[in-house]
Each structure stands twice: as C-alpha cells, then as structure tokens.
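Peer 1: Numbering (our numbering), first residue to last: 299 to 689.
For each residue, glycine too, the CB sits at the ideal point set by N, CA and C.
Note that the structure is a prediction, hence the values are computed from the model and not measured.
Just passing along the structure, written as structure tokens.
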C-alpha cells in the first residue's frame, strides 16, 4: 500500500500525532482549513463532522479494488502525503505554531519543505520555482500562502504564518481505534500501525466504514456496542451497520424495537432472539439473511408510530418479511456500494392509514386485484405468481 512508501515523520512532529489514548479528541497537523481542502470536506463542516466525513470519503473514494486487494486512489495518496507534508511544516513552526521568515537566508529551509527553490536571487525581482513536484503541488493545493512568502523575498514585510495543530472530537477513545489497527498489522506481519486515529482511518477502508457507521448512531448505543462486542468484531459488521445501523437503539438493557414493548414478541419470533437480550438480538439482526433482516428493521424504524403499530401487529411482521425476502435472501443487502432497495423505505413510510388503522389503498382493493390479475401473462414469474394469488 502507498502508506509503506510514504516518508517518515520528521523529528518534533510527535505533538501532532501523539494523542492522549484516553482522550476523545484527535489532533491534526496544521490549519484545519488546509486539512479540509485535502480531505475533500466542506469548509462549512463543524468540528464534530470532520472525522466522520473523513472516514466516509476514505471508504467511498479512497480505494479501488484489484481483485480482493484494496488499492489506494490518487485522492488517498495525496491525503497521506499531505499529512507528512504538514508535519514537516509543523516542525518548522516550533512549539508556538508559527512560521516566521524575515530574510532570504531564513527562507531556505522552508522553501525546501515546500518543494521550491530560488530561480532568481533575493531582491526586487526574486522568484521561486518547483524543485519537488509532489511537495510543490501539496503546497499550492493545501492553500499555503506562497505569494506572501515570495513578497518577503522581494524585500517586503516579514512572512508570518500560523501553523499549529487543530483539534477535533472523536467517536470513542482514540486508543480503541489505534490498538485495533496495530493488532491488524501484527496479524499480517506489517509495521506497527500509526499512533493517530486520522492515520489509522486513511490506512484502513474497513475501519473507516465502521467509524462512519458508528458516527451516525446513538452515542449511548455506540458505547454499549463497543463494550459488548468490541471494535474488532464490529469491523466485520461494518457494511450492515453503515447501511442499516443508525436506527438501532439500546436503552436500559433492551433494544427499542419498532412498535415498542407490545411488538417485542413479534420481533423475537422474526429475528430469532429477544430484544431483552441485546447482544443476541443485534447479532441475529445484523447477520440474518444477508442483511435483509437489518434492512427490514431499518425501514420500519423510520415509519410513524401508527405505521409501526400496523406493521408489527399480530402476524403481519412475519408475513411482510417473507414477502420482502422471497424464497432466498439473494442478492445480499450489503454487497453494493449503495443500499440496494431504497424503495423499501418509501413503501413503508408512505403507507397511509385511515382512522381505524387500516391501509388506505388508492382506488380500492378491487382495482389492485384487477391490475394484478391482468398481469398473469407477464414475462416475470414473480408477477405471474402474485397475479394467481390475487384471486
């Protein structure tokens, strides 16, 4: 992977990567604005959104696949290079986090890090040119004020640029994530993983997908999942959690299922575990039928209370799930890049009920039976089967 070929961190850069293992905060080298540019994150993003959006971009845009092996894209390679580039600049900024250049002589170390050299000597006509194409590109792309530095070389006022560390909040303790990455490296006989959560995320698409999934879940539920299952097991469930985990909620030792306590028995029957036993229920929910059970649960979780009552009453929960699943749970509900059946959510949430709680069918039930009956000659076997059943 590209990380192995990246240059090592410069001396003095530990402040930008050595987070407190028990801290929920992560430090980034350099100004936050520059990092957001390189990570393809909006400048309007809040600090709480930075790491989740980073994880999403890494998982979605950071890797292509060569067979079963993830291959870093140009976007990810540049982001990794920028982290090293920023740490070099951070070492020049010193403990105060400020880069100062008052003379031509003082500018030489900085120009080398930026990937530039003097093409004309200092003075009114001073000019610089690229000496290292990669570093020079990162300098411009990250928004470094090279023009202001050039003006200093031409006799202008001293160049002063704030370049300290930025801090953003994280989901769970940073040590939980970095330890998982280090254990992975030991398993594959690779070098020890990085100390910073940001480095771990840009290195591992599976870890990034799990982080993105957990960032959209209820914090109390996330804490419960981490303590009960551990991140190592949750990584294998990351695709399902990404698509269908945001509506899972654990309260007072029970899973809060669609339909409330009155529907717990129905969910136990369909899922195969009781909501009163969250570890068993969540495991079955996320692994049953190639993700279709999780998709079903997620869709019903997004409906109104009245709709949940209708879907979960009596035998309907099982009957509707059988209709969704069909004879076999194929294709998988978690294999594609995007959710394979977004219409399921629309179907459930748009169901209109009358005052008695019964569905309101446009045109009446007879009209729909007629529509299905007319489809008995369809080329689709599934449609023909439903046409026969409509009678």
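Using the Cα positions of residue 686 and residue 544, report the straight-line distance between them to the nearest angstrom.
Peer 2: Near 38 Å, if we compare the C-alpha coordinates of residue 544 and residue 686.
Peer 1: From 461, 582 and 591, pick the residue whose C-alpha is nearest to that of residue 624; which is it?
Peer 2: 591
Peer 1: Distance, Cα to Cα, residue 604 vs residue 610?
Peer 2: Looking at the two C-alpha atoms, the distance is approximately 10 Å.
Peer 1: Spatial neighbours of residue 540 within its chain, please: C-beta separation below 7 Å, excluding the five flanking residues on both sides.
Peer 2: For residue 540, where only same-chain residues beyond five positions count, the Cβ hits under 7 Å are 507, 510 and 511.
Peer 1: I need the boundaries of the alpha helix (DSSP H) containing residue 503, first residue and last residue.
Peer 2: 503-513
Peer 1: Using the DSSP secondary-structure output, state which residues sit across from residue 364 in a beta bridge.
Peer 2: 367
Peer 1: Ordered along the chain, which non-local residues of its own chain (more than five positions away) have a Cβ less than 8 Å from that of residue 678?
Peer 2: none
Peer 1: Give the secondary structure of residue 427 by DSSP, where H, G and I count as helix, E and B as strand, and everything else as coil.
Peer 2: strand
Peer 1: Of the choices 403, 578 and 496, whose alpha-carbon is the least far from that of residue 381?
Peer 2: 496
Peer 1: Would you call residue 586 buried or exposed, if buried means 16 or more other Cβ atoms sit within 10 Å of its Cβ?
Peer 2: buried
Peer 1: If you draw a straight line from the C-alpha of residue 621 to the C-alpha of residue 664, how long is it?
Peer 2: 20 Å
Peer 1: Quick check on DSSP: helix, strand or coil for residue 487?
Peer 2: Any reading at residue 487 must be qualified, since the residue scores a pLDDT of 47, below 50, and its modelled position is unreliable; no value is offered.
Peer 1: Do residue 568 and residue 579 have their C-beta atoms closer together than 8 Å?
Peer 2: no
Peer 1: So for residue 644, helix, strand or coil by DSSP?
Peer 2: helix
Peer 1: According to the Cβ coordinates, are residue 336 and residue 377 closer than 8 Å?
Peer 2: yes
Peer 1: Kindly indicate which residue of 554, 387, 571 and 633 has the alpha-carbon position closest to the one of residue 606.
Peer 2: Cα-wise, what sits closest to residue 606 is 554.
Peer 1: Quick one, which of 374, 629, 599 and 627 has its alpha-carbon nearest residue 615's?
Peer 2: 599
Peer 1: Leaving aside the five residues before and after residue 398 along the sequence, list all residues of the same chain whose C-beta is less than 6 Å from its C-beta, in chain order.
Peer 2: 458, listed in sequence order.
Peer 1: How would you call residue 438, buried or exposed, if buried means at least 16 neighbouring beta carbons within 10 angstroms?
Peer 2: By the C-beta density criterion, residue 438 is exposed, having fewer than 16 other C-beta atoms within 10 angstroms.
Peer 1: Name the two residues that bound the continuous beta strand (DSSP E) containing residue 330.
Peer 2: Per DSSP, residue 330 belongs to no beta strand (DSSP E); it is in the alpha helix (DSSP H), 330-336.
Peer 1: Check this for me: beta carbons of residue 346 and residue 517, under 8 Å apart or not?
Peer 2: no
Peer 1: Let me make sure I understand the geometry here. Which of 388, 475, 331 and 456 has the alpha-carbon closest to that of residue 353?
Peer 2: 475
Peer 1: What separation, rounded to the nearest whole angstrom, lies between the Cα atoms of residue 602 and residue 571?
Peer 2: 24 Å
Peer 1: Where residue 309 and residue 548 are concerned, what is the direct C-alpha to C-alpha distance, given to the nearest angstrom?
Peer 2: Residue confidence is low: residue 309 scores 32 on pLDDT, short of 50, so the model does not pin down where it sits. Its coordinate-derived value is still stated next. Straight-line Cα distance between these residues: approximately 45 Å.
Peer 1: Do you know whose CA, among 619, 500, 448 and 659, lies nearest residue 351's CA?
Peer 2: Nearest of 619, 500, 448 and 659 to residue 351, Cα basis: 500.
Peer 1: How big is the Cα-Cα spacing for residue 656 and residue 562?
Peer 2: 21 Å
Peer 1: Give me the Cα-Cα distance between residue 486 and residue 479, rounded to the nearest whole angstrom.
Peer 2: Below a pLDDT of 50, predicted positions are generally treated as unreliable, and residue 486, at 45, falls in that range; no measurement from the model is reported.
Peer 1: May I ask which residues mark the beginning and end of the beta strand (DSSP E) holding residue 397?
Peer 2: Residue range 396-399 is occupied by the beta strand (DSSP E) that includes residue 397.
Peer 1: Can you tell me which of 581, 463 and 534 puts its alpha carbon nearest to the alpha carbon of residue 393?
Peer 2: 463
Peer 1: Where DSSP assigns a beta bridge to residue 416, which residues make up the other side?
Peer 2: 426
Peer 1: CB residue 261 to CB residue 329, shorter than 8 Å?
Peer 2: Outside the displayed span of the chain (299 to 689) sits residue 261, for which this structure offers no information.
Peer 1: Within 10 angstroms of the Cβ of residue 652, are there 16 or more other Cβ atoms? Answer buried if so, exposed if not.
Peer 2: exposed
Peer 1: Taking only three categories from DSSP, how would you classify residue 649?
Peer 2: coil
Peer 1: Report the residue ranges of all alpha helix (DSSP H) runs contained in full by the region 556-635; include only those spanning at least 4 residues, in chain order.
Peer 2: 562-569, 576-585, 590-599, 603-610 and 614-623
Peer 1: Looking at the secondary structure, which residues open and close the beta strand (DSSP E) in which residue 657 lies?
Peer 2: Careful: residue 657 lies outside any beta strand (DSSP E) and carries neither H nor E.
Peer 1: Taking 8 Å as the threshold (C-beta atoms), are residue 505 and residue 322 in contact?
Peer 2: Contact flag unset, no.
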